[in-house]
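When the letters of the sequence shown are read in order and numbered with full-length UniProt numbering, they come out as residues 1 to 325.
Positions of the beta carbon are idealized from the N, C-alpha and C atoms, including for glycine.
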Amino acid sequence: MKAVLCKEFGPAQSLVLEDVASPVAKKNEVLLDVHAAGVNFPDTLIIEGKYQFKPPFPFSPGGEAAGVISAVGEKVSHLKVGDRVMALTGWGSFAEQVAVPGYNVLPIPSSMDFKTAAAFSMTYGTSMHALKQRANLQPGETLLVLGASGGVGLAAVEIGKAMGARVIAAASSAEKLAVAKAAGADELINYSETSLKDEIKRLTDGHGADVIYDPVGGDLFDQAVRAIAWNGRLLVVGFASGRIPELPVNLALLKGAAVVGVFWGSFAQRQPQDNAANFQQLFGWFAEGKLKPLVSQVYPLSNAAQAINDLGQRKAVGKVVVQVR
């Protein structure tokens, strides 16, 4: 089979496309014929040795995939050959086949195509877990989404609206904010042109944001935490800005606020029943038209390195997908 390989840590340009032996499913795994694979921020980190997991060389990046099961390990009972599924792989999806533990695989709705499915699991799974289990977002609360035009940001905008929140979308350009507006955002903040902290306070009449969804970190975290509401929850999702911020803990004390970590991959493994329930709700909203995953760019497998590079340079809106079949 063909696979995009990382043979040493480095930039996306160092990745190579080669023929390798197909994987064999272990007893607790399924073998997936990959049709499409989602590109995510962790892919930019794992190839440079900056992610919390460091697979042995050579490895293929790609943390999520959608395709058809071609083999099932003897300990997997809830899946069968021929099932159309989405899978959380960690790495290995930028290849024609990948072996995945059965507990990381979910059947996809018949109305969902493979490109959409490849763009769904990580972004919507992360944002649903963040807003439901970690933030306990309530109808009528104000949700601020930073990086609102990106994959997880757009998912958070849509899920926040489906949960009954008032959503403020923040992004760095008018073009990106237009994407968030189309996804249902109620208010918009261009933080390249105005003070994020001041605009949050203006739009909330000084109350502040009840829940802040932050996949960006850096300076935006510093401003947002100063405009959080009493009993607010700031969700730490990621650090796309490149800088991991530090929290002056007196701010949390004065606002009675909570800074909450979001690690969906670990949640999905530790609480599989809760994760499955989340996805049943997500699939229901998808069927109702409340969730409309935006796949802005599709790259062939041979251009997977360019896909990772474009995402790392923050050139993409919505989700970027590698089409394998």
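Counting only unbroken stretches of 4 or more residues, the alpha helix (DSSP H) elements lying wholly within the segment 172-203 are 174-182, 196-203, in sequence order.
Pairing T142 with A170 gives a Cβ-Cβ distance that is not under 8 Å.
Counting every other CB atom within 10 Å of its CB across the protein chains shown gives E8 a total below 16, marking it as exposed. Classified as buried, L188 has 16 or more neighbouring CB atoms from the shown chains inside 10 Å of its CB.
Beta-bridge partners of Q297 (DSSP): V320. With fewer than 16 neighbouring CB atoms inside 10 Å of its own CB, W230 falls in the exposed class. Each of S111, G140, L247, L154 was checked against the Cα of M122, and the nearest Cα belongs to L154. A Cβ-Cβ separation of about 7 Å places A224 in contact with L144 under the 8 Å criterion. Beta-carbon to beta-carbon, G90 and N28 are separated by about 15 Å, too far to satisfy the 8 Å threshold. In the three-state DSSP reduction, N231 falls in the strand class (E or B). Q273 carries a helical assignment under DSSP once its states are collapsed to helix, strand and coil.
Between the beta-carbon of L88 and that of G63 there is about 7 Å, and that keeps the pair under the 8 Å contact cut. Sixteen is the threshold: since fewer than 16 other Cβ atoms of the shown chains lie within 10 Å of the Cβ of R325, the residue is exposed. Of all alpha-carbon atoms in G147, I200, I69, the one lying nearest the alpha-carbon of A180 is that of G147. If you look at Y213, you'll find it in the beta strand (DSSP E) that goes 209-214. Where G151 is concerned, the enclosing alpha helix (DSSP H) starts and stops at 151-162.
The C-beta distance from A258 to R233 rounds to 5 Å, short enough to fall under 8 Å. Check the Cα spacing between G238 and each of I212, V249, N250: the tightest is with I212. A check of alpha carbon separations from G261 across K54, L45, P109, Q133 identifies Q133 as the nearest.
For the pair G92 and K201, the Cα-to-Cα distance works out to about 44 Å. The way I'd put it, the segment 296-313 does touch the segment 40-50; three or more beta-carbon pairs between them come closer than 8 Å.
Residue state for A305 is assigned as helix, using DSSP reduced to three classes. Restricted to the segment 55-135, the alpha helix (DSSP H) segments that are unbroken, complete and at least 4 residues in length are 114-118, 121-129, listed in chain order.
The C-beta of D19 has fewer than 16 other C-beta atoms within 10 Å across all chains shown, which makes the residue exposed.
The segment 98-112 and the segment 69-84 touch, with no fewer than 3 CB-CB distances between them shorter than 8 Å. Assigned with DSSP and collapsed to three states, L15 falls in coil, not helix or strand. According to the DSSP secondary-structure assignment, A3 is paired through a beta bridge with E18, A95. A direct Cα-to-Cα measurement between S77 and A178 gives close to 45 Å. Burial is judged here by how many other beta carbons sit within 10 angstroms of a residue's own beta carbon; D274 has fewer than 16 and is exposed.
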